[in-house]
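Chemist: Please see the structure below; I have some questions.
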Amino acid sequence: MKVLVPVKQAAVLEGDFELEDGVLDRDSLDWQINEWDEFSVEAGLRLVEAAGGEVVVATVGDEDAEDALRAALAKGADRAVRIWDPVLEDADPLAVAHVLAALVERERPDLVLAGVQSSDAANAATGVALAGLLDWPRVAVVRSIEVEGGSLTVERELEGGAAEVLRLELPALLTVQTGANEPRYANLRAIKQARQKPLEVVDPGALGVDEVALETAAGSRLVSLAAPARGAGATLLQGGAEQVAGQIVEIVRERMAS
Amino acid sequence: MSDGVLVAGEVTRQGLRPGTAELIAAGVKLKEEGAGSLTVALIDVEADAHVDAVNLAGVDEVLTIGAVPERFEAHVAQAALETLIEQRRPRIVLAGHTFASLGFMPAVAARGSHGFASDATAVSCGPDGIRARRGAYGDRLVAELEFPGKDTVVVLLREGAFEPAEGAGSAAVEAVALEIADRARTERIELRDPPAGDVDITAADFLLAIGRGVEEEEQVAEFEELAGRMGATLSASRPLVDAGWISRDRQVGQSGTTVTPKVYLALGISGAVQHLAGMSKAKTIIAVNSDADAPIFSVAHYGAVADLYEVADELRRQFDE
Chain A
3 MKVLVPVKQA AVLEGDFELE DGVLDRDSLD WQINEWDEFS VEAGLRLVEA
53 AGGEVVVATV GDEDAEDALR AALAKGADRA VRIWDPVLED ADPLAVAHVL
103 AALVERERPD LVLAGVQSSD AANAATGVAL AGLLDWPRVA VVRSIEVEGG
153 SLTVERELEG GAAEVLRLEL PALLTVQTGA NEPRYANLRA IKQARQKPLE
203 VVDPGALGVD EVALETAAGS RLVSLAAPAR GAGATLLQGG AEQVAGQIVE
253 IVRERMAS
Chain B
160 MSDGVLVAGE VTRQGLRPGT AELIAAGVKL KEEGAGSLTV ALIDVEADAH
210 VDAVNLAGVD EVLTIGAVPE RFEAHVAQAA LETLIEQRRP RIVLAGHTFA
260 SLGFMPAVAA RGSHGFASDA TAVSCGPDGI RARRGAYGDR LVAELEFPGK
310 DTVVVLLREG AFEPAEGAGS AAVEAVALEI ADRARTERIE LRDPPAGDVD
360 ITAADFLLAI GRGVEEEEQV AEFEELAGRM GATLSASRPL VDAGWISRDR
410 QVGQSGTTVT PKVYLALGIS GAVQHLAGMS KAKTIIAVNS DADAPIFSVA
460 HYGAVADLYE VADELRRQFD E
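Which chain is which? The protein sequence lines are A and B, in order. Final position of the first sequence in the numbering used here is 260; the numbers increase by one with none missing. Final position of the second sequence in the numbering used here is 480; the numbers increase by one with none missing.
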């Protein structure tokens, strides 16, 4: 079984960011592997450990995004592919899905496991958009996966804690929810060995995706960024822990009595 | 040339999703801004039963698509929306940013090369064309998006972003026959209700909620003890439930439970969108977080930028007095 896991190096905005004329200074960003992808990588590793095969991790991102790929390789993924062209900076989920679709056509995996969403943009769209472009069956927001022959049995999360168990045929795409499993940690030896594993860098053109196609595929264009209007905002409780707790006690007693 | 607003209503096991009236409100606003007539589509075997509930002031047309499987099936829903968009060429398609929508709307947008924005908190139609706003960088910033060159733009709206539409309308109602029932690509094996727990956090007047700020599993018991001392019920945000530190029946949020207590005291919860969806209607929200930029402060009535352990220790001491 061949499993392709698209991952994302997600941005974390530091407290003292700089925003000028609606443009963010990118030095205000830290990077870490998207939390959801920890679970999709783990799910892929477990399926291949049980059934044999290969886990390929892929990302659309610049050189910094290789950290996410190396982390997955250290955990046991077999090889990695990074797709990049500077025009993909700020690419929206539909453009990213378009690029990934070209990779899936080349790799022909049995299963694609994406995270439900990314911790920075939280579009929750790339995986299902990709399945749409491939015309593959898919299930979004999955918290358990079983493979039997050519079919999958998965549990899809519904709002309010309910779940739906579904069966679908491979090839298929799932978006994996946090908590679906317990992601493993890589040991130092594995982290070192991961440096020897293949990490291929390709540009979209090599996959047959030109700039015009990317522009057509993109679902939106960023006009500007702004700090959110905080509405009325919270009344700040001042002082040290003792004073803060004292005020909380007072508010709680007053509100619970009313 | 595309024209009009198409609202995709959502019918769940519990009936028409309340968020559908919010989508209609957004549709009415877009109509007033010149986006064209407002159509609401209901794709469900029971669609007919919900026509009156979506026939609200400003709605021009209600479409019912009833020849579908008895349950929601994402690939059937996708086929229905694709066909409706092809037939009617709406300028804007509105749906909720819900688990159901997430299973098919991104596919509809990608396949049609439409404009697309998910989890949007605002949408407008003006001289600059269609614009949408959504959170960026974990909701710490707001992004304004445009959709150049797109005839149709699909927008998934965050629930609660619009006040529900009200007032009876006088829409034309039409049953639309689409040959899509055989487009299902998943088979339902089972529907599982939420696990019955021994705690009903929806019944509590006072919830003490803990989140990622809690660093060790052993500390959960200490917060449970604190909750007991304060007369509160302990609840949690998703990360602690995912980690297995606390049972799922105590989870507040989109995939957990929606709560409306008198007091919600959040310790070490940054306030992911999915969490805020489950608690923002609490009457009094008090948030303690060491990060002054945590999104929870945007819904809290009282906030303290402080170390949750220090505050918890003080609460323990002062509630003893």
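All C-beta atoms, glycine included, are put in the ideal place defined by N, C-alpha and C. Fair warning: this is a prediction, and the values are worked out from it, not measured in the lab.
For chain A, is any of its Cβ atoms less than 7 Å away from the one on serine 396 of chain B?
Modeler: For the purposes of this step, residue 396 of chain B is identified with residue 237 of the second sequence, where counting begins at 1. No - not a single Cβ of chain A is within 7 Å of the one on serine 396 of chain B.
Chemist: Taking the alpha-carbon positions, what's the alanine 127 of chain A to glutamine 11 of chain A distance?
Modeler: Along the first sequence, read from residue 1 onward, the residue named residue 127 of chain A stands at position 125. Along the first sequence, read from residue 1 onward, the residue named residue 11 of chain A stands at position 9. Alanine 127 of chain A and glutamine 11 of chain A: Cα-Cα distance of roughly 16 Å.
Chemist: Going along the stretch 445-460 of chain B in order, which residues come within less than 9 Å of chain A, judged by CB to CB distance?
Modeler: Ile445, Ala446, Val447, Asp450, Ala451, Asp452, Pro454, Ile455, Phe456, Ser457, Val458, Ala459, His460
Chemist: Going along the chain, which residues of its own chain have a beta-carbon closer than 8 Å to the beta-carbon of valine 106 of chain A, five neighbours each way excluded?
Modeler: Residue numbering aside, residue 106 of chain A sits at position 104 when the first sequence is read from its first letter. Same-chain partners within the cutoff: Leu6, Val114, Leu132, Leu136.
Chemist: Anyone know if the C-beta pair for alanine 247 of chain A and glutamine 378 of chain B falls short of 7 Å?
Modeler: Locating residue 247 of chain A in the first sequence gives position 245, counting from the first residue. Locating residue 378 of chain B in the second sequence gives position 219, counting from the first residue. For alanine 247 of chain A and glutamine 378 of chain B, no; Cβs fall outside 7 Å.
Chemist: Can you pull out the residues from the stretch 121-135 of chain A whose beta carbon lies closer than 9 Å to at least one beta carbon of chain B?
Modeler: Among the residues of the stretch 121-135 of chain A, those with a Cβ less than 9 Å away from any Cβ of chain B are Ser121, Asp122, Ala123, Ala124, Asn125, Ala126, Ala127, Thr128, Gly129, Val130, Ala131, Leu132, Ala133, Gly134, Leu135, in the order of the chain.
Chemist: Counting only Cβ pairs nearer than 8 Å, list the residues of chain B close to methionine 258 of chain A.
Modeler: The sequence position of residue 258 of chain A within the first sequence is 256, counting from 1. Ordered by position in chain B, the residues that pass the 8 Å Cβ test against methionine 258 of chain A are Asp364, Phe365, Gly390, Lys421, Val422.
Chemist: Compare the C-beta of valine 189 of chain B with all C-beta atoms of chain A and state if any pair is closer than 7 Å.
Modeler: Residue numbering aside, residue 189 of chain B sits at position 30 when the second sequence is read from its first letter. As written in the sequence, residue 189 of chain B is leucine, which differs from the valine given in the question. Cβ-Cβ to chain A under 7 Å: no for leucine 189 of chain B.
Chemist: What does valine 432 of chain B reach in chain A if we use C-beta pairs closer than 8 Å?
Modeler: In the second sequence, residue 432 of chain B corresponds to position 273, counting from 1. What valine 432 of chain B touches in chain A: Ala124.
Chemist: Taking 7 Å as the CB-CB limit, is isoleucine 348 of chain B close to chain A?
Modeler: Here residue 348 of chain B corresponds to residue number 189 of the second sequence, with the count starting at 1. At least one chain A Cβ lies under 7 Å of isoleucine 348 of chain B.
Chemist: Which first and last residues belong to the alpha helix (DSSP H) in which proline 265 of chain B is found?
Modeler: Residue mapping note: residue 265 of chain B aligns to position 106 of the second sequence, counting from 1. Proline 265 of chain B -> alpha helix (DSSP H) spans 264-270.
Chemist: Check this for me: beta carbons of proline 8 of chain A and alanine 182 of chain A, under 7 Å apart or not?
Modeler: Taking the first sequence and counting its residues from 1, the one referred to as residue 8 of chain A is at position 6. Taking the first sequence and counting its residues from 1, the one referred to as residue 182 of chain A is at position 180. No.
Chemist: Which whole runs of the beta strand (DSSP E) in the stretch 134-201 of chain A are 3 residues long or more, in chain order?
Modeler: 140-150, 153-159, 165-171, 174-178
Chemist: Give me, in chain order, the residues of the same chain whose beta-carbon lies closer than 6 Å to that of leucine 2 of chain A; leave out the 5 immediate sequence neighbours on both sides.
Modeler: Nothing about residue 2 of chain A can be read from this structure; chain A reaches only from 3 to 260.
Chemist: Does the stretch 303-322 of chain B touch the stretch 215-230 of chain A, meaning 3 or more C-beta pairs lie closer than 8 Å?
Modeler: yes
Chemist: Does the stretch 208-216 of chain B come close enough to the stretch 166-180 of chain B that 3 or more CB-CB pairs lie under 8 Å?
Modeler: Here the stretch 166-180 of chain B makes contact with the stretch 208-216 of chain B; the two share three or more CB pairs at distances below 8 Å.
Chemist: By Cβ distance, which residues of its chain are closer than 6 Å to glycine 225 of chain B, with the 5 residues on each side in sequence left out?
Modeler: Counted from its first residue, the second sequence places residue 225 of chain B at position 66. If we look at glycine 225 of chain B and ignore the five residues flanking it on each side, its Cβ neighbours are Val204, Ala206.
Chemist: For serine 283 of chain B, verify whether its CB is less than 6 Å away from any heavy atom of the ligand ATP.
Modeler: This structure simply doesn't include the ligand ATP, nor any ligand for that matter.
Chemist: Can glycine 372 of chain B and glycine 412 of chain B be called in contact, C-beta distance under 7 Å?
Modeler: Start at 1 with the first residue of the second sequence, and residue 372 of chain B comes out as number 213. Start at 1 with the first residue of the second sequence, and residue 412 of chain B comes out as number 253. No; because the gap between Cβ atoms is not below 7 Å, this pair is not in contact.
Chemist: Just list the beta strand (DSSP E) runs in the stretch 261-328 of chain B, keeping only unbroken ones of 3 residues or longer that don't cross its boundaries, in chain order.
Modeler: 274-285, 288-295, 300-305, 312-316
Chemist: Count the CB pairs spanning the stretch 74-87 of chain A and the stretch 53-61 of chain A that are closer than 8 Å, and state whether there are at least three.
Modeler: yes
Chemist: For phenylalanine 263 of chain B and arginine 48 of chain A, what's the separation of their Cα atoms in angstroms?
Modeler: Looking up residue 263 of chain B in the second sequence gives position 104. Looking up residue 48 of chain A in the first sequence gives position 46. Using only the alpha carbons, I get a separation of about 27 Å.
Chemist: Does DSSP put lysine 4 of chain A in a helix, in a strand, or in coil?
Modeler: The residue given as residue 4 of chain A occupies position 2 in the first sequence. Residue state, collapsed to three classes: strand.
Chemist: With distances taken Cα to Cα, identify the nearest neighbour of histidine 434 of chain B among B:Ala238, B:Ala340, B:Ser414.
Modeler: Here residue 434 of chain B refers to the residue found at position 275 when the second sequence is read from its first residue. Selected option, being the one with the closest Cα: B:Ser414.
Chemist: Check serine 30 of chain A in the structure and name its three-state DSSP category.
Modeler: In the first sequence, residue 30 of chain A corresponds to position 28, counting from 1. Reduced to three states, the DSSP call for serine 30 of chain A is helix.
Chemist: Is DSSP giving glycine 178 of chain B helix, strand or coil here?
Modeler: Working through the second sequence from its first residue, we reach residue 178 of chain B at position 19. Glycine 178 of chain B: helix per DSSP, three-state reduction.
Chemist: Excluding the 5 residues preceding and the 5 following serine 283 of chain B in the sequence, name in chain order all residues of the same chain whose CB lies nearer than 7 Å to its CB.
Modeler: The count along the second sequence starts at 1 and reaches residue 283 of chain B at position 124. So the list reads Glu192, Arg290, once near-sequence residues are dropped.
Chemist: So what's glutamine 413 of chain B in DSSP terms, helix, strand or just coil?
Modeler: On the second sequence, residue 413 of chain B is found 254 positions in, with the first residue counted as 1. Of the three classes helix, strand and coil, the one that applies to glutamine 413 of chain B here is coil, per DSSP.
Chemist: Are the CB atoms of glycine 129 of chain A and threonine 177 of chain A within a distance shorter than 7 Å?
Modeler: Working through the first sequence from its first residue, we reach residue 177 of chain A at position 175. Working through the first sequence from its first residue, we reach residue 129 of chain A at position 127. Yes; because the gap between Cβ atoms is below 7 Å, this pair is in contact.
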